[in-house]
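Participant: Attaching a single structure in structure tokens format; questions to follow.
Number of protein chains: 2
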Amino acid sequence: MKKLNEHEKYMKLAIKEALKASEIDEVPVGAIILFEGKIIARGYNKRNKSQNATAHAEHIAIEKACKKLKSWRLENCELYVTLEPCPMCAGAIIQSRIPKVYFGAFDPKGGCFGSCVDFREIKGFNHYPNVQGGILQEECAMLLKEFFKSKRKNKGE
Amino acid sequence: MKKLNEHEKYMKLAIKEALKASEIDEVPVGAIILFEGKIIARGYNKRNKSQNATAHAEHIAIEKACKKLKSWRLENCELYVTLEPCPMCAGAIIQSRIPKVYFGAFDPKGGCFGSCVDFREIKGFNHYPNVQGGILQEECAMLLKEFFKSKRKNKGE
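Going down the list, the protein sequences come from chains U and R. Quick note on numbering: the first sequence equals residues 1 to 157 in full-length UniProt numbering. Quick note on numbering: the second sequence equals residues 1 to 157 in full-length UniProt numbering.
In structure tokens, the structure reads:
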């Protein structure tokens with residue numbers, strides 16, 4: 001078995017969060033936030049369960065991290081998320097000033113760090129994170145693929 | 001005195017929310033959400049007070065509206081906000097599928113419906129709201145101008 005590097009190790013923990021989402025029939029996306037190398041927040045998608053449009057994995061993790069650090073500035077933090085952030089979550093990353101973001105699968109239907117648009121190329125924002133995509137990409141994408149496949153099966157499509 | 005039209009009337013209510021923010025020393029931005037013509041949610045910026053990076057006026061109003069309607073889909077809703085939405089809030093508008101957005105002042109430092117970027121021109125998103133900016137623009141902008149002026153004065157600049 002291939003030995004995991006540091007980023008893959010943390011992405012595995014984000015995947016663990018994503019699995020919690022699929023267990024409750026939510027689109028499997030998971031996230032964790034580290035502060036100075038320690039995990040301080042976790043989150044998984046709960047949009048349907050909570051009927052809250054903002055309840056995406058990384059959004060939940062960002063709010064938890066703010067609470068934990070008692071600060072809206074998440075400096076010295078790193079975010080790992082299994083899917084490329086949507087405009088809302090990429091925006092929350094900018095607002096919370098997270099300096100480092102690592103994501104798994106690319107998202108052609110909304111991804112804002114390269115797929116639909118790259119927020120780092122838009123002038124005028126007050127923060128630009130360093131972003132690395134494609135960490136355990138296949139595993140992260142497979143989670144989503146399997147989820148939607150099983151949904152279609154249940155619908156008899 | 002000039003008679004206010006429908007949009008200006010609602011923007012006045014968003015301004016009332018913005019004033020609540022400046023009263024607690026927060027950047028004065030306010031928002032309201034209507035559902036089928038009735039106000040169902042209000043919000044004002046509380047970022048510093050709450051130390052939560054996501055506590056912007058329209059973001060708070062969106063979460064309240066989801067709670068009220070018990071739905072993450074804010075169809076048949078209209079959002080009025082005194083400042084052009086930032087990437088996070090413009091993203092939350094997309095995620096909650098709000099069809100109509102009206103804002104007051106344009107924001108060259110983050111506005112995502114025309115100033116820094118226009119989300120309606122980015123391909124691949126799953127929703128595109130109708131947006132009208134510049135409603136009571138001067139009044140909305142003046143609120144912010146006065147706020148930052150008094151902050152500088154307090155600092156002795």
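Where a beta carbon is used, it is the ideal one built from N, C-alpha and C, also for glycine. Computed from a predicted model, the values in this text were never measured in an experiment.
#1: Assuming Leu-69 (chain R) contacts Ile-98 (chain R) (C-beta within less than 8 Å), just tell me the rounded distance between them.
#2: Where does the unbroken alpha helix (DSSP H) through Cys-89 (chain R) begin, and where does it stop?
#3: Mind checking whether Lys-49 (chain R) and Gly-30 (chain R) have CB atoms under 8 Å apart?
#4: Compute the beta-carbon to beta-carbon distance between Gly-124 (chain U) and Pro-87 (chain U), rounded to the nearest angstrom, for a pair I have assumed lies under 8 Å.
#5: Below 8 Å on the Cβ atoms is my guess for Lys-100 (chain U) versus Asn-130 (chain U); work out the distance and round it to an integer in Å.
#6: Determine the DSSP secondary structure at Arg-73 (chain R), reduced to helix, strand or coil.
#7: What residues match up with Lys-100 (chain U) in a beta bridge as DSSP calls it?
#8: Count the other CB atoms within 10 Å of the CB of Gly-37 (chain R); is the residue buried (16 or more) or exposed (fewer)?
#9: Which of the three DSSP states is assigned to Ala-65 (chain R) in this structure?
#10: Tell whether a beta-carbon distance below 8 Å holds between Phe-106 (chain U) and Pro-85 (chain U).
#11: Mind listing the chain A neighbours of Gly-110 (chain R)? Cutoff is C-beta to C-beta under 7 Å, in chain order.
#12: Buried or exposed, going by whether 16 or more other CB atoms sit within 10 Å of the CB of Gly-43 (chain R)?
#13: Can you say whether Leu-4 (chain R) is buried or exposed, counting buried as having 16 or more other CB atoms within 10 angstroms of its CB?
#14: Between the alpha carbons of Cys-116 (chain U) and Lys-67 (chain U), how many angstroms are there, rounded?
#15: Give me the DSSP bridge partner(s) of Lys-38 (chain U).
#16: Would you kindly report the start and end of the unbroken alpha helix (DSSP H) that includes Ile-15 (chain R)?
#17: Quick one: what's Phe-113 (chain U) bridged to in DSSP?
#18: In this structure, does DSSP put Ala-55 (chain U) in helix, strand or coil?
#19: Under DSSP, the alpha helix (DSSP H) around Asn-48 (chain U) begins and ends at which residues?
Facilitator: Let me spell this out:
#1: Sequence index remark: in the second sequence, residue 69 (chain R) carries index 69 (1-based). Sequence index remark: in the second sequence, residue 98 (chain R) carries index 98 (1-based). The Cβ separation is near 11 Å, so there is no contact.
#2: As a working mapping, residue 89 (chain R) is identified with position 89 in the second sequence. First-last of the alpha helix (DSSP H) with Cys-89 (chain R): 87-95.
#3: Along the second sequence, one-based indexing puts residue 49 (chain R) at 49. Along the second sequence, one-based indexing puts residue 30 (chain R) at 30. For Lys-49 (chain R) and Gly-30 (chain R), no; Cβs fall outside 8 Å.
#4: Locating residue 124 (chain U) in the first sequence gives position 124, where the first residue counts as 1. Locating residue 87 (chain U) in the first sequence gives position 87, where the first residue counts as 1. The pair is not a contact, with the Cβ atoms about 15 Å apart (cut-off 8 Å).
#5: As a first step, residue 100 (chain U) must be located in the first sequence, where it is residue number 100. As a first step, residue 130 (chain U) must be located in the first sequence, where it is residue number 130. The Cβ separation is near 5 Å, so the contact holds.
#6: Here residue 73 (chain R) corresponds to residue number 73 of the second sequence, with the count starting at 1. Coil.
#7: Within the first sequence, residue 100 (chain U) is the residue found at index 100, counting from 1. DSSP output for Lys-100 (chain U) lists U:Glu-78, U:Asn-130 as bridge partner(s).
#8: What you label residue 37 (chain R) is simply residue 37 of the second sequence in a count that begins at 1. By the 10 Å Cβ count, Gly-37 (chain R) comes out exposed.
#9: In the second sequence, residue 65 (chain R) corresponds to position 65, counting from 1. Helix, per DSSP.
#10: In the first sequence, the residue the question calls residue 106 (chain U) occupies position 106. In the first sequence, the residue the question calls residue 85 (chain U) occupies position 85. No; because the gap between Cβ atoms is not below 8 Å, this pair is not in contact.
#11: Included in the structure are the protein chains U and R, with no chain A among them.
#12: Walking along the second sequence from the start, residue 43 (chain R) turns up at place 43. When all chains shown are included, Gly-43 (chain R) counts as buried.
#13: Within the second sequence, residue 4 (chain R) is the residue found at index 4, counting from 1. Exposed is the call here.
#14: Position 116 of the first sequence holds residue 116 (chain U). Position 67 of the first sequence holds residue 67 (chain U). Cα-Cα distance, rounded: 31 Å.
#15: In the first sequence, the residue the question calls residue 38 (chain U) occupies position 38. U:Phe-35.
#16: Locating residue 15 (chain R) in the second sequence gives position 15, counting from the first residue. Where Ile-15 (chain R) is concerned, the enclosing alpha helix (DSSP H) stretches over 6-23.
#17: Counting from one through the first sequence, the residue named residue 113 (chain U) turns up at place 113. Bridge partners of Phe-113 (chain U): U:Asp-118.
#18: Position 55 of the first sequence holds residue 55 (chain U). Three-state result, Ala-55 (chain U): coil.
#19: The count along the first sequence starts at 1 and reaches residue 48 (chain U) at position 48. From DSSP, the alpha helix (DSSP H) with Asn-48 (chain U) extends over 47-50.
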